[in-house]
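Residue numbers (UniProt numbering), protein chains in the order written: chain A, 1 to 377; chain B, 1 to 377; chain C, 1 to 355; chain D, 1 to 355; chain E, 1 to 96; chain F, 1 to 96. The structure appears right after this line, and notes come after that.
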Amino acid sequence: MKYIDEFNDPELAKRLLDDIHATVTRPWAIMEVCGGQTHSIIRHGIDQLIPELVEMIHGPGCPVCVTPLELIDKALAIAARPEVIFCSFGDMLRVPGSHQDLFRIKSEGGDVRVVYSPLDALRVARDNPDRQVVFFGIGFETTAPPNAMTVYQAAQLNIPNFSMLVSHVRVPPAIEAIMSSPTCRVQAFLAAGHVCSVMGTSEYPGLVEKFSVPIVVTGFEPLDILEGIRRTVHQLEAGTAELDNAYLRAAPAAGNPAARRLLDDVFEITDRGWRGIGVIPGSGWRLSPKYRAFDAEYRFQVSDIDTEESTLCRSGEVLQGFIKPHQCAAFGTTCTPRNPLGATMVSNEGACAAYYLYRRLESTPRPDGRREVASIG
Amino acid sequence: MKYIDEFNDPELAKRLLDDIHATVTRPWAIMEVCGGQTHSIIRHGIDQLIPELVEMIHGPGCPVCVTPLELIDKALAIAARPEVIFCSFGDMLRVPGSHQDLFRIKSEGGDVRVVYSPLDALRVARDNPDRQVVFFGIGFETTAPPNAMTVYQAAQLNIPNFSMLVSHVRVPPAIEAIMSSPTCRVQAFLAAGHVCSVMGTSEYPGLVEKFSVPIVVTGFEPLDILEGIRRTVHQLEAGTAELDNAYLRAAPAAGNPAARRLLDDVFEITDRGWRGIGVIPGSGWRLSPKYRAFDAEYRFQVSDIDTEESTLCRSGEVLQGFIKPHQCAAFGTTCTPRNPLGATMVSNEGACAAYYLYRRLESTPRPDGRREVASIG
Amino acid sequence: MAESTPVLDFDGWSCPVPLRDSPTIVMGHGGGGQLSAELVQHLFVPAFGSQGDAGTADSAVFELGGARLAFSTDTFVVRPLFFPGGSIGDLAVNGTANDIAMSGAMPSHLSCGFILEEGTELSVLGRIAEDMGAAARRAGVAIVTGDTKVVDAGHGDQVYVNTAGVGLIPDGVDIRPQRAAVGDVIIVSGAIGVHGIAIMSVREGLEFGTEIRTDTACLYPLVAAMLAVTADIHVLRDPTRGGVATSLNEIASAARVGVRLTEKALPVPPEVRNACALLGLDPLYVANEGKLLAFVPREQAEAVLAAMRAHPLGEQATVIGECVDEHRAMVVATTTFGGTRVVDVPIGEQLPRIC
Amino acid sequence: MAESTPVLDFDGWSCPVPLRDSPTIVMGHGGGGQLSAELVQHLFVPAFGSQGDAGTADSAVFELGGARLAFSTDTFVVRPLFFPGGSIGDLAVNGTANDIAMSGAMPSHLSCGFILEEGTELSVLGRIAEDMGAAARRAGVAIVTGDTKVVDAGHGDQVYVNTAGVGLIPDGVDIRPQRAAVGDVIIVSGAIGVHGIAIMSVREGLEFGTEIRTDTACLYPLVAAMLAVTADIHVLRDPTRGGVATSLNEIASAARVGVRLTEKALPVPPEVRNACALLGLDPLYVANEGKLLAFVPREQAEAVLAAMRAHPLGEQATVIGECVDEHRAMVVATTTFGGTRVVDVPIGEQLPRIC
Amino acid sequence: MCLAVPGKVLEIWDKDGTRMAFVDFGGVVKEVCLQFVPNIEVDDYAVVHVGFALQQLDEHSALETLALFQRMGEIEMEFGDPWARAAKDSGQEVRP
Amino acid sequence: MCLAVPGKVLEIWDKDGTRMAFVDFGGVVKEVCLQFVPNIEVDDYAVVHVGFALQQLDEHSALETLALFQRMGEIEMEFGDPWARAAKDSGQEVRP
Ligand code: SF4
Ligand code: SF4
Ligand SMILES: [Mg+2]
Ligand SMILES: [Mg+2]
Ligand SMILES: [Mg+2]
Ligand SMILES: [Mg+2]
Ligand SMILES: [Mg+2]
Ligand SMILES: [Mg+2]
Ligand SMILES: [Mg+2]
Ligand SMILES: [Mg+2]
Ligand SMILES: [Mg+2]
Ligand SMILES: [Mg+2]
């Protein structure tokens with residue numbers, strides 16, 4: 001695919017790696033905020049290729065992982081209702097609520113459908129005027145405009161049986177929260193390129209300044225990630241803290257003004273709980289009063305939610321970069337992708353799942369008790 | 001089964017047959033009104049055992065057969081509605097409406113269920129409060145009390161999602177209509193024992209007198225039928241015309257007063273169309289105004305019914321005994337139980353189906369054109 | 001595939017076969033009666049290019065690597081899954097084993113394919129698998145290969161099971177419907193209608209109390225005992241769906257002989273007779289899962305019958321009719337009263353009659 | 001049956017196997033991944049009393065009447081029924097034929113069992129049967145026995161097809177997963193991920209335009225060409241559900257060897273790669289229906305590869321990895337950039353990712 | 001529409017104010033509504049149609065009818081072989 | 001949540017007042033909503049996420065970035081074998 005393949009060129013990757021290796025002299029801890037970047041790093045083994053001195057910390061960048069347990073429990077309760085067709089991105093289906101997940105709800109007769117786009121859910125609503133169609137609107141700033149547009153269209157086209165269960169989160173308040181933590185180890189950020197495609201970069205200079213932390217906007221292909229790391233370590237080694245944009249081709253400084261206008265119309269900023277972390281002020285979006293009629297939380301007054309998080313799970317610490325997944329005692333034993341205790345073990349972008357999937361070799365005890373470590377890398 | 005097996009004793013049958021053979025001297029045409037009796041006669045080959053001089057004419061005694069086409073079309077339209085669970089005795093499922101049957105409606109997604117008792121339909125209604133449950137209430141006087149009781153209970157228990165599509169027919173007005181036909185060949189009647197179990201015999205003396213026709217109330221087991229025939233031919237040969245009851249064990253003269261009281265409450269007499277025959281005044285029951293709320297015809301104002309009877313079918317003449325089924329040109333060729341043109345080919349009690357099923361040997365051209373007649377009997 | 005020249009044109013279908021009556025599948029297409037037979041004859045046989053016999057035998061017979069094999073499959077969709085005396089698991093093993101045995105082969109290896117509806121309790125599947133294992137051990141067959149698929153809720157009904165199986169046919173044995181011949185004596189191995197009534201007694205909305213339990217069993221040991229008397233058994237058949245009436249009709253048609261039944265010889269247990277009376281059914285059309293029909297040359301009939309009666313699976317074996325040179329391809333019963341009636345193939349499944 | 005002593009107690013089940021995670025069947029139990037494998041290992045094998053190998057091979061191998069046979073079954077529930085380049089009918093024939101061929105046997109006889117939902121158009125069934133007949137003729141197999149059941153509307157989904165089949169294994173051939181050995185070269189017969197992407201391109205709600213058509217084909221002719229080079233092929237496998245990743249994991253587990261893949265050697269067509277990028281899928285987990293994986297001793301690899309490339313079904317055959325003495329029972333890929341990653345068994349079916 | 005069979009009342013109880021019973025039809029037991037036969041008791045026989053008892057079976061009358069059939073045979077015996085006569089009368093061969 | 005890929009706009013049309021397009025992702029064509037990129041034209045590249053174009057891809061910038069990578073390699077070449085150094089730095093054996 002054009003503009004993908006070029007950024008997957010192993011020859012060019014070598015050159016970037018060379019530069020990184022040539023640059024790094026001290027240990028650095030860099031957080032990639034976005035789960036898509038975590039996926040790419042581990043999928044391609046990038047963390048094995050960069051200098052050992054550079055530690056990549058996987059941030060809270062998977063909206064599936066950070067969706068608050070209470071909201072998942074609400075989603076499950078709504079999806080179980082016989083009149084509801086519950087539409088969701090595929091990622092959410094295996095995320096455990098307190099007692100079940102959407103797969104289980106589906107297996108028990110709930111009409112749960114995977115959609116590729118929120119517009120598909122709107123189409124389902126038009127095709128099933130007798131049913132209530134609810135879309136689980138999760139995501140960062142990247143997914144917010146599509147979801148906003150879908151609510152906007154539902155209002156324009158007057159589709160009364162459509163609603164959205166909104167759990168949008170915003171990246172900059174999360175960065176602020178992480179940096180404000182007294183135990184924070186993060187020294188620089190790779191910012192998610194597609195978040196910036198929408199929002200632009202105007203929210204970052206303040207953070208750079210406040211915390212003296214370099215922030216480099218990067219894309220998702222291996223060369224993008226490497227270039228992001230390269231620019232970051234250059235700053236770190238030079239002792240500067242600036243906002244840099246390594247993803248200019250898709251993330252202009254102004255972002256997408258049309259999308260941002262719609263976001264301002266459809267959503268309003270709210271405090272939002274992040275699973276495993278807690279409430280971060282101003283870190284979420286909910287539907288603005290104008291669109292409340294399409295808010296599934298209002299339409300379905302679900303009560304009786306008995307939310308119960310695992311006591312073993314340390315995903316909050318994982319998400320904030322305080323520990324690596326395999327430092328959690330449950331990792332790979334009582335907690336596996338098959339039977340996840342925390343959301344970070346569920347989504348492929350979840351830090352724990354990514355570790356389990358691609359790093360099991362090094363860090364997971366074998367089921368038969370043997371610990372095989374191959375001489376790889 | 002006690003009181004069944006005894007009335008199936010071949011030894012005793014011989015004695016009754018002997019008496020019949022000893023009695024008959026001239027040709028007689030006797031109509032058994034009830035489809036159950038038709039079934040029994042042909043199932044056991046009784047018509048082959050009685051004297052050839054005695055011709056059994058199969059009357060309009062199968063309520064499945066005589067249910068008016070328009071009502072079947074209504075039933076199909078109601079059963080096709082998504083909110084409806086349509087409950088019916090099994091016999092009705094294959095009865096062709098103008099364009100479809102209940103099997104086809106079911107195969108196209110209609111929720112059609114076979115029940116053993118109308119009370120089962122009421123239970124379905126209680127179990128599915130969100131659905132409309134409609135029972136197809138067909139039948140003679142035998143089935144009327146169970147159906148009446150079901151409507152009565154629906155009212156008592158206040159089950160608003162239950163209704164009944166009523167197509168009840170009454171035997172005496174049919175006998176009157178048959179006898180009043182100028183071409184009538186029937187010289188005596190076997191009256192249906194179970195109709196009399198409910199209604200008693202008080203409606204028959206008037207008919208006996210008006211048409212000077214012997215009427216003998218009989219049961220359904222082979223000995224019952226034979227005894228009915230025996231008593232009938234005795235009267236015919238003697239030139240008498242009386243009401244006789246050969247089924248006293250289950251059909252007392254007064255019938256069942258409790259059942260008749262309920263019938264008076266729940267139903268009212270109405271003119272009713274008989275499929276293939278036409279409207280017979282006062283020959284039907286419909287729900288009385290008091291129970292109109294449970295009348296499916298009122299609840300579902302089905303319009304757009306485009307009723308279209310086969311032009312080939314002579315089932316009316318068959319039902320009235322004017323012709324035998326195999327005298328219809330369509331019999332066994334374009335009209336088979338598999339693809340019935342008329343209702344008399346559908347139900348096992350239908351005269352055409354009974355002929356096809358048990359007499360095919362003698363009267364049906366073989367599919368390969370050969371006509372095999374076995375020397376049986 | 002789109003490229004291949006179609007043998008039949010299904011879209012502009014105008015062939016005058018009865019199939020065109022119904023443009024869609026109705027329940028009767030699976031009832032084992034006329035509609036089922038027509039589907040095989042007019043749709044599958046032309047499409048698959050099989051020989052004319054396809055669909056008339058319980059199993060296919062062919063040679064492979066010098067061995068003469070019987071090969072058969074059945075899919076089991078019985079509801080409820082568990083019923084007096086057995087379960088879908090027992091049927092799935094015995095049913096295919098029996099179809100193989102009806103060629104005179106010893107069933108030895110089975111496959112099984114599950115279609116599971118999501119939401120089905122694992123314990124239900126576990127009980128079924130247990131029953132299959134136990135039935136296989138009793139039958140002396142091994143379940144050696146399998147497959148499991150899961151379908152969305154509302155696109156299945158808990159558990160459907162397909163089994164297929166193979167067995168080796170002894171030398172000199174040639175059992176198939178076409179071999180029915182005028183003069184053959186027709187034996188049934190025991191009481192009829194038992195399985196179907198056992199199932200109906202627990203079917204939703206029809207429930208009735210009865211002591212009747214399914215007769216499901218693997219019939220191969222009985223077949224072996226019969227073959228020990230003579231290899232010259234003409235036809236064997238397990239009268240499952242559609243009952244004795246349907247099986248006899250199929251054989252009468254395949255061999256173009258007349259079948260004459262003696263109604264009073266039919267071994268119908270009183271409870272089966274009574275349940276049928278109550279429901280308006282005919283025991284001849286009710287399913288069996290542990291009985292066989294045998295067409296035996298008259299000279300061998302007595303010895304075969306004796307061998308059957310000496311075996312636990314055939315204790316109540318009895319002669320119920322014969323093949324005649326009349327009404328070929330038809331089954332005719334002499335009634336208890338001396339009349340006759342044609343015993344026809346049902347159209348689809350029997351429906352409880354109320355009138 | 002109720003009488004038999006249960007081997008497992010499913011009601012008070014407390015065995016610590018992963019199965020107890022879910023008390024009900026979920027879609028993943030049919031996905032060909034971990035859940036499927038566990039169902040076989042922890043439920044079917046104990047219930048059926050099969051050997052430990054059950055479920056790891058594509059087909060069962062046994063001797064009957066002196067002939068060495070391969071026997072296999074698969075059920076096909078693919079939606080939609082018709083898709084670019086083929087239909088459920090093609091898959092039903094080729095899928096089982098291939099499972100048989102993966103034992104080195106020549107598939108010769110198939111059974112088929114249909115579960116039809118009432119209301120299905122006969123023309124749909126007709127087209128499927130046509131496709132089955134045409135595929136059988138191409139594959140040189142005969143569909144010799146069958147069964148049809150009809151289920152109530154809402155308890156099926158138009159047409160499900162089961163096929164089972166047998167084939168004769170030539171002397172000297174012993175192909176099974178357990179024979180994978182350190183040093184074996186791993187060959188794939190052509191482009192991967194093609195079938196799965198073709199299906200997804202027409203799946204409701206996911207539709208996308210692409211030239212990709214299913215690769216469904218009977219692989220036996222290719223297998224015959226390979227066996228003509230050497231009878232000593234260790235393992236063959238058609239990487240269907242769960243894709244190459246799942247098949248390699250199963251083999252690595254069965255033989256307890258390490259599998260090392262070279263990612264850049266994987267023949268992933270650009271459209272497959274791009275569709276995967278769009279949907280967030282990994283081509284290694286996408287289904288194939290006309291490709292095979294072969295584990296060949298290093299000494300024979302070159303000759304076998306040459307024979308494969310000389311055959312139309314293997315023109316693009318290529319070496320994708322090897323068996324190593326490290327990370328036994330695991331599959332590890334060397335990424336394009338020189339890193340490594342574990343290629344694990346999926347839990348259930350792959351879900352399109354959006355993040 | 002008249003498929004009704006006689007069964008023996010095994011047990012009577014009340015359900016939602018309705019008199020119900022288990023009725024035995026020769027080893028086949030079904031639940032039956034007794035509302036139309038208020039006086040029927042356990043061990044009586046009921047004629048049952050679509051789950052409802054329509055009448056109490058008059059056992060005395062049943063036995064009388066059967067006795068009549070028996071007697072008739074005995075009377076007939078005096079007049080020679082009835083089957084031969086039947087065949088003659090009907091013009092067809094009737095086999096017993 | 002950021003799986004977005006660049007594709008080439010093939011065809012643009014209007015659906016219920018919404019600007020839609022077929023976008024080609026290297027042989028894979030999907031319908032995409034263009035409401036957020038009002039100025040995009042046929043042959044332009046769009047960055048697409050869950051069926052929506054979120055940005056027009058700046059092709060000039062993309063090529064510049066790639067050119068930078070190329071140049072950087074050339075500069076690096078002057079400083080000897082980078083892989084050897086990488087291995088040294090990281091303390092692990094890195095195979096190309
Ligand atoms: S390994 Fe599991 S339990 Fe531990 S932090 Fe990760 S998700 Fe939570
Ligand atoms: S044979 Fe068919 S067409 Fe003729 S009268 Fe009977 S039902 Fe009508
Ligand atoms: Mg079979
Ligand atoms: Mg069978
Ligand atoms: Mg399989
Ligand atoms: Mg279901
Ligand atoms: Mg059979
Ligand atoms: Mg396989
Ligand atoms: Mg298989
Ligand atoms: Mg397979
Ligand atoms: Mg079968
Ligand atoms: Mg369906």
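For each residue, glycine too, the CB sits at the ideal point set by N, CA and C. Nothing here was measured: the structure is a model prediction, and the numbers come from that model.
Checklist entry - So what's methionine 345 of chain A in DSSP terms, helix, strand or just coil? => result helix
Item to check | CB contact below 8 Å: alanine 62 of chain E versus chain B | outcome: yes
Checklist entry - Residues in the region 305-324 of chain D with C-beta within 9 Å of chain B's C-beta atoms, listed in sequence order? => result Taking 9 Å as the upper bound on Cβ-Cβ separation, chain B lies near no residue of the region 305-324 of chain D.
Checklist entry - Which residues share a DSSP beta bridge with methionine 92 of chain B? => result BP columns for methionine 92 of chain B are empty, so no partner.
Checklist entry - Which of helix, strand or coil does DSSP assign to proline 270 of chain D? => result helix
Checklist entry - For alanine 79 of chain B, which residues from the same chain have a beta carbon less than 7 Å from its beta carbon, with the 5 sequence-adjacent residues on both sides left out? => result Phe86, Leu102, Ile105, Gly110, Val112
Checklist entry - Buried or exposed: which applies to glutamate 289 of chain C, given that a residue is buried once 16 or more other Cβ atoms fall within 10 Å of its Cβ? => result Buried is the call here.
Checklist entry - Buried or exposed: where does tyrosine 14 of chain B fall if 16 or more other Cβ atoms within 10 Å of its Cβ makes it buried? => result Here residue 14 of chain B turns out to be lysine, not tyrosine, going by the sequence shown. Looking at its Cβ environment, which holds 16 or more other Cβ atoms inside 10 Å, lysine 14 of chain B is buried.
Next on the checklist: With a threshold of 8 Å between beta-carbons, can phenylalanine 22 of chain F be considered close to chain A, or not?
Outcome noted: no
Next on the checklist: Taking DSSP's pairing of strands, which residues face lysine 15 of chain E in a bridge?
Outcome noted: E:Thr18
Next on the checklist: I'd like the list of long-range same chain contacts for glycine 338 of chain D, defined as Cβ closer than 7 Å, with 5 residues on each side in sequence excluded.
Outcome noted: none
Checklist entry - Which residues share a DSSP beta bridge with methionine 164 of chain B? => result For methionine 164 of chain B, which the question treats as bridged, DSSP gives the partners B:Phe135, B:Asp295.
Checklist entry - When the Cα atoms are used, what is the spatial distance from glutamate 31 of chain E to glutamate 297 of chain B? => result 30 Å
Next on the checklist: Taking 8 Å as the threshold (beta carbon to beta carbon), is glutamate 297 of chain B in contact with chain D?
Outcome noted: no
Item to check | Residues of the region 266-287 of chain C with Cβ closer than 9 Å to any Cβ of chain A, in chain order | outcome: none
Item to check | Contact list for the region 11-36 of chain F against chain D, Cβ threshold 9 Å | outcome: Phe22, Asp24, Phe25, Gly26, Gly27, Val28, Val29, Lys30, Glu31
Checklist entry - Just the Cα atoms here: how many angstroms apart are isoleucine 72 of chain A and threonine 344 of chain A? => result 14 Å
Checklist entry - Apart from the five residues just before and just after glycine 52 of chain D, which ones in its own chain have a Cβ nearer than 8 Å to its Cβ? => result Only weak support exists for where glycine 52 of chain D lies, its pLDDT of 45 falling under 50; the value from the coordinates is given anyway. Result list for glycine 52 of chain D: Val45, in chain order.
Checklist entry - Would a C-beta distance cut-off of 8 Å place alanine 114 of chain A and leucine 93 of chain A closer than the cut-off? => result Before going further, note that residue 114 of chain A is valine rather than alanine in the sequence given. Yes, these two residues count as a Cβ contact at 8 Å.
Checklist entry - What residues of chain E sit near leucine 1 of chain B, judged by a beta carbon separation below 8 Å? => result The question names leucine, yet the displayed sequence has methionine at residue 1 of chain B. Simply Val5, Pro6, Gly7, Phe25, Gly26.
Item to check | Contacts of threonine 210 of chain C in chain E (Cβ-Cβ under 8 Å) | outcome: Within chain E, Gly27, Val28, Val29 have C-beta atoms less than 8 Å from the C-beta of threonine 210 of chain C, given in sequence order.
Next on the checklist: Please tell me whether aspartate 44 of chain F has its Cβ less than 8 Å away from any Cβ of chain A.
Outcome noted: no
Checklist entry - Cα-Cα, which of A:Ala353, A:Leu312, A:Met149, A:Arg249 is closest to phenylalanine 7 of chain A? => result A:Arg249
Checklist entry - Mind pulling the chain C residues with CB within less than 8 Å of glutamate 108 of chain A? => result Gly119, Ala153
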